[in-house]
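There are 2 protein chains.
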Amino acid sequence: MENFNYSIPTKVYFGKGQIKNLAAIIKEYGNKILIAYGGGSIKKIGLYDEMIKILNDNSISYVELSGIEPNPRIETVRKGIKICKENNVEVVLAVGGGSTIDCAKVIAAGVKYEGDPWDLVTSPQKINEVLPIVTILTLSATGSEMDPHAVISDMTTNQKLGTGHENMKPKASILDPEYTYSVPKNQTAAGTADIMSHIFETYFNHTKGVDIQDSTAEGLLRACIKYGKIAIENPKDYDARANLMWASSWAINGLISYGTNSPWVVHPMEHELSAFYDITHGVGLAILTPHWMKYSLDDTTVFKFAQYGINVWGIDKNLDKFEIANKAIEKTSEFFKELGIPSTLREVGIKEDKLELMAKKAMNPYFKYAFKPLDENDILKIFKAAL
Amino acid sequence: MENFNYSIPTKVYFGKGQIKNLAAIIKEYGNKILIAYGGGSIKKIGLYDEMIKILNDNSISYVELSGIEPNPRIETVRKGIKICKENNVEVVLAVGGGSTIDCAKVIAAGVKYEGDPWDLVTSPQKINEVLPIVTILTLSATGSEMDPHAVISDMTTNQKLGTGHENMKPKASILDPEYTYSVPKNQTAAGTADIMSHIFETYFNHTKGVDIQDSTAEGLLRACIKYGKIAIENPKDYDARANLMWASSWAINGLISYGTNSPWVVHPMEHELSAFYDITHGVGLAILTPHWMKYSLDDTTVFKFAQYGINVWGIDKNLDKFEIANKAIEKTSEFFKELGIPSTLREVGIKEDKLELMAKKAMNPYFKYAFKPLDENDILKIFKAAL
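If you read the protein sequences in the order shown, they are chains A and B.
If you're matching positions, the first sequence starts at 1 in this note's numbering and goes up one per residue.
If you're matching positions, the second sequence starts at 388 in this note's numbering and goes up one per residue.
If you want it as C-alpha cells, here you go:
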C-alpha cells in the first residue's frame with residue numbers, strides 16, 4: 001500500500017427529504033447565494049419550487065444562473081462569476097448533475113481570482129480561496145458532489161480540461177435518490193458507465209497490498225451492475241437509485257484510490273471525443289472502455305483482469321487466467337449494450353478523420369506510468385478499434 | 388437503505404514517515420500541547436524521541452500525561468484535565484492505541500466543561516466544546532483515531548461506559564503502520580478481533596438494499612482474516628500492518644454503518660466483563676462473538692449468516708443455508724483460536740458467580756431492536772455458553 005493523505009470533508013445528507021436541512025447548511029456559510037442549475041428538469045420534478053420556498057422562509061437571498069450545459073462551457077463560468085461579484089454572493093448552491101456542480105466549482109474559485117477563470121482550468125495551482133459550495137444532486141454519475149474536480153470546456157478551441165483543488169470540495173451535499181427517479185433511461189445508463197469508469201481508472205493498478213481498496217471497488221462495481229439494470233427497468237426503485245447515488249460518490253471521493261497509484265487514461269481519451277463532438281461523457285467512456293481493456297490485456301496485466309472477472313462477474317476461478325480476463329471484458333461490453341448504450345464511435349457521429357488529432361491531444365506524459373503504458377499510437381489504435 | 392448524515396472530517400496521514408507532518412498539523416490549532424500516552428512502548432520504538440525532537444525544533448511547548456491504562460480510568464481523565472487547565476493547553480496529542488485516544492478525547496472535552504468529567508461519560512449530550520485532538524496511532528484495534536467515541540471506566544463502581552460526540556472526532560491522525568511492528572502477538576490478535584467485532588456489530592442487520600455497505604464490510608473482514616494471521620507470523624509485514632490499520636479506521640468511522648440500522652450488542656456485553664475483571668477488550672469480544680452468533684441464528688437471521696459464510700469464508704453457496712451459517716460461525720471461532728486467543732471466559736479468570744449481575748448491567752432497552760432481539764435472560768445464556 002502506498003502512502004496517502006486522506007481528507008473527505010464534505011458532509012453528506014443522504015436520503016428521502018434531506019432537503020429539510022438546506023437552510024441550516026447554507027446559513028453556516030452565508031445568506032446570499034447563487035443558485036446554479038441546468039435546464040428545466042429541477043423545475044419539472046418540483047425541486048426548484050421546494051428549494052425556493054425554503055430559501056424565502058429562511059430569509060436567504062438568491063440570484064440565479066440557469067442553463068448550464070452538459071460539458072459546461074467557460075463562457076458560462078464567466079457569466080456566473082460576474083453575477084456573484086455584482087451581488088456579493090457568499091455561497092454557491094449547485095443544483096443538478098456533475099456538469100452543473102463542476103461549473104459551480106470553477107465559478108466559486110473564480111470569484112476569488114483576479115484574472116480570467118480559464119487560467120484556473122489550465123493551471124489548478126492558481127486556485128486558492130474558493131466560495132463555499134453546497135450541492136443538491138439530481139444525477140448519479142460524476143461524483144463531483146464529494147470530490148475536488150471539475151471539467152470545463154472551451155468549444156472554440158475544442159479543449160475539455162479537468163482541474164481540481166482541495167478547496168473546491170463541496171462543504172455539504174444533499175443526496176436524495178428520489179430526485180433521480182425522473183432521470184431518463186439513457187442518462188441513467190450513461191451515469192452508471194461513468195461511475196464504473198471512475199472505479200476502473202483506479203482499480204486497474206499494479207500496487208500490492210491494497211486488498212481493502214480492491215474489495216471496495218469490486219463491491220461498488222457489483223452494485224452498479226445490479227442496480228444499473230434495475231434503475232433502468234424500474235426508475236422509481238429506491239434502493240437502486242440509492243446504491244447508484246452512493247456509488248457515484250465513493251467511486252471518486254478517494255476511498256478506493258487512496259493507497260493506490262495509477263494515472264487515469266480512459267477519461268482523458270474520452271475528453272477529446274466530447275471536446276470535438278460534444279457527446280455524452282458516459283457514453284464515450286462506455287464505448288472506449290472495453291477496447292481499452294482488450295488493448296491493455298497482456299502478461300503483466302492479466303492478473304488484475306482475472307481478479308476482476310472472478311470477483312465482479314463471478315467467473316469460475318479455475319479457468320485459465322486469460323480466458324477469465326477475456327470473458328470479463330466481453331461481459332463488460334455486453335453489460336453496456338444491455339443498458340442501451342451505443343457501442344461504436346460511428347453510432348455517436350464520430351468519424352475517422354479526427355481520430356489522429358484527438359489521439360495526439362489526449363496524449364499525456366504520465367500515460368507511460370499507466371496500468372498498461374500507452375503512447376499516442378496506442379491511443380489511436382484504441383480509437384480505431386472503437387470506431 | 389436508511390437515511391443518514393455523513394461526516395468524517397478527520398484528516399489521515401497514512402504511511403511510512405508521515406510523522407514529518409506533525410508540527411504543521413499541530414500548528415494549525417495551537418502551540419501548547421498535552422502529550423497523552425500509556426506505558427513505555429512509544430519510548431521503546433523510538434517514537435517518543437522522534438516526536439519530542441519535532442516539537443522542540445518547531446517551538447511547540449508540551450506537557451505530558453503518561454501511564455494511561457488499558458480500559459482507561461476516569462481518575463486519569465481528571466488528572467489530564469487538571470494538567471491542561473494549569474498549563475493553558477490548546478491541543479491534545481494522543482500517542483498510542485484506543486485507550487490512550489479515548490482518554491484524550493474525554494480530557495479534551497472535560498477541559499471545556501465546568502463539572503466533573505464523569506458527567507460527560509454518563510451524559511454525552513453534555514459535551515459541547517472540545518479541544519482539538521490529534522492522534523498518532525500505535526495499535527490497530529478500536530478505530531478511535533477516526534471516530535467520535537470513547538470508553539471510560541470507573542473501577543470503583545465497576546462501570547465501563549461508552550460516550551461520544553461529533554466534536555470529539557480527531558482533527559487529524561497519523562497512521563504509520565511501522566509503529567505497530569512491535570505490537571506483541573496477543574495484542575495483534577486482540578486488536579484484529581476488536582476490528583472484526585466492530586464490523587460484525589453493523590454488518591448483521593435487517594436493512595434492505597445496503598449492498599455497498601455489505602460488500603465493503605465483507606472485504607474488510609477478509610482483509611482482517613488474511614492479514615491478522617500474516618501480522619502474527621511476520622510482525623514486520625508492511626502490507627499486513629497497513630491493511631489492519633486502515634481496516635481499524637474503516638470498521639467504525641461510519642463508512643459501513645451509514646444507511647444501516649442495528650444496535651450494537653456484543654460490545655455492551657463485553658464492557659461488563661472488562662468492568663468487573665479488567666480483561667483485554669478484544670479477547671472478551673473474541674470469546675463472546677461465536678456464542679452470540681450461535682444464539683442469534685434462527686429463521687429470521689440465517690440469510691445474513693449464510694451471506695457472511697459465502698462472501699467472507701468462501702463456503703459453497705449451494706449448501707443448505709443453515710449449514711453455511713453454522714460452518715461460518717465455526718470458522719469464526721476457529722480463526723480466533725488460530726490467532727491464539729482464549730476461547731472461554733474461564734481461561735481469562737471469569738467465574739459463574741457474577742454472570743447474572745453482569746447480564747443485568749449489560750441489558751439495555753434498545754437490545755429489543757437488535758439483529759436478534761435479546762433480553763437479560765438471553766444475555767445470561769450467551770455468557771453461560773461462553774463460560
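Glycine included, every Cβ here is placed at the ideal spot set by N, Cα and C.
Open item on the list: Rounded to the nearest angstrom, what separates Ala325(A) and Gly696(B) at their Cα positions?
Closed with: The alpha-carbon separation between Ala325(A) and Gly696(B) amounts to approximately 26 Å.
- [ ] Would you tell me roughly how many angstroms separate the C-alpha atoms of Pro457(B) and Met269(A), rounded to the nearest one?
- [x] Pro457(B) and Met269(A) have their C-alpha atoms spaced approximately 54 Å apart.
Open item on the list: Pairs of beta-carbons, one from the segment 399 to 407 of chain B and one from the segment 461 to 476 of chain B, closer than 8 Å: are there three or more?
Closed with: no
Task: Beta carbon proximity, Gln405(B) to chain A, threshold 9 Å - done: yes
Task: Continuous alpha helix (DSSP H) stretch holding His654(B): start and end - done: Val653 to Tyr664
Open item on the list: Would Ala24(A) pass as an interface residue toward chain B - the criterion being a Cβ-Cβ separation below 9 Å?
Closed with: no
Task: Alpha-carbon spacing of Glu330(A) relative to His271(A), whole angstroms - done: 24 Å
TODO: Please list the partners that Met1(A) has in chain B, where partner means a Cβ-to-Cβ separation under 9 Å.
DONE: Phe401, Gly402, Pro564, Tyr625, Asp626, Ala629, Asn630 and Trp633
TODO: Could you tell me the distance, in whole angstroms, from the CA atom of Ile441(B) to the CA atom of Arg733(B)?
DONE: Taking the CA atoms as reference points, Ile441(B) sits about 46 Å from Arg733(B).
Open item on the list: Any beta carbon of chain A sitting closer than 9 Å to that of Pro339(B)?
Closed with: With chain B covering only 388 through 774, there is no way to say anything about residue 339(B).
Task: Close-in-space but distant-in-sequence residues of the same chain around Phe276(A) (CB under 7 Å, 5 per side omitted) - done: Asn158, Lys354 and Met358
- [ ] List the residues of chain A that Ser602(B) touches, going by C-beta distances under 8 Å, in chain order.
- [x] Here the neighbours are Ser215, Thr216, Glu218, Gly219, Leu220, Arg222 and Ala223.
Task: Euclidean distance between Cα positions of Ile619(B) and Thr567(B) - done: 11 Å
- [ ] Pull up the distance between the alpha-carbon of Asn87(A) and that of His281(A), whole angstroms please.
- [x] Between the C-alpha atoms of Asn87(A) and His281(A) there is a straight-line separation of about 33 Å.
- [ ] Starting from Tyr393(B), find everything on chain A with Cβ-Cβ shorter than 7 Å and list it in chain order.
- [x] Lys11, Val12 and Phe14
TODO: Tell me whether Pro201(A) is buried or exposed, calling it buried when 16 or more other Cβ atoms sit within 10 Å of its Cβ.
DONE: Looking at the sequence provided, one finds Glu at residue 201(A) rather than Pro. Looking at its Cβ environment, which holds 16 or more other Cβ atoms inside 10 Å, Glu201(A) is buried.
Task: Ser59(A) classed as buried or exposed, judged by whether at least 16 other C-beta atoms fall within 10 angstroms - done: exposed
- [ ] Out of Ala385(A), Lys360(A), Pro9(A) and Phe336(A), state which residue places its alpha-carbon closest to the alpha-carbon of Lys169(A).
- [x] Pro9(A)
Open item on the list: So, at 6 Å on beta carbons, what are the nonlocal neighbours of Leu548(B) in its own chain, with the 5 sequence-adjacent residues on each side left out?
Closed with: Val508
Task: Assigned secondary structure, Asn311(A) (DSSP; H/G/I helix, E/B strand, else coil) - done: helix
Open item on the list: I need the DSSP call for Asp49(A), collapsed to helix, strand or coil.
Closed with: helix
TODO: Find the residues of chain B that neighbour Lys368(A), judging by a C-beta separation of less than 7 Å, and give them in chain order.
DONE: The premise fails here: Lys368(A) is roughly 24 Å from chain B at the closest Cβ pair, so nothing lies under 7 Å.
Task: Cβ of Leu47(A) within 9 Å of any chain B Cβ - done: no
TODO: Identify the continuous beta strand (DSSP E) that holds Leu608(B) and give its terminal residues.
DONE: That residue, Leu608(B), is in no beta strand (DSSP E); its alpha helix (DSSP H) goes Asp598 to Glu620.
- [ ] Output the distance between the C-alpha atoms of Gly40(A) and Val95(A), rounded to the nearest integer angstrom.
- [x] Distance between Gly40(A) and Val95(A), taken at the CA atoms: about 11 Å.
- [ ] Tell me whether Ala481(B) sits in a helix, a strand or coil according to DSSP, three-state version.
- [x] Strand at Ala481(B).
- [ ] Identify the contact partners of Gly646(B) in chain A, using a Cβ-Cβ distance below 9 Å as the criterion.
- [x] Phe14, Gly15, Ala242 and Trp246
Open item on the list: Beta-carbon within less than 7 Å of Tyr369(A)'s beta-carbon, same chain only, minus the 5 sequence neighbours each way: which residues are those?
Closed with: Pro263
TODO: Tell me whether the beta-carbon of Asp194(A) lies closer than 9 Å to the beta-carbon of Ile136(A).
DONE: No, the pair does not count as a contact, with Cβ atoms beyond the cut-off.
- [ ] Return the chain-ordered ranges of every alpha helix (DSSP H) run that is complete within the segment 90 to 144 of chain A and spans a minimum of 4 residues.
- [x] Here the runs fully enclosed are 98 to 110 and 118 to 122.
Open item on the list: Tell me which residues of the segment 660 to 686 of chain B have at least one Cβ-Cβ distance to chain A shorter than 8 Å, keeping chain order.
Closed with: none
- [ ] Let me know if Asp214(A) comes out buried or exposed under the rule of 16 or more other beta-carbons within 10 Å of its beta-carbon.
- [x] Classification for Asp214(A): buried.
- [ ] State yes or no: is the C-beta of Ile379(A) within less than 9 Å of the C-beta of Phe371(A)?
- [x] no
- [ ] Could you pull the start and end residues of the beta strand (DSSP E) that Val12(A) belongs to?
- [x] Phe4 to Phe14
- [ ] Indicate whether at least one CB of chain A lies closer than 9 Å to the CB of Leu642(B).
- [x] Cβ-Cβ to chain A under 9 Å: yes for Leu642(B).
Task: Test: Ile586(B) CB closer than 9 Å to a CB of chain A - done: no
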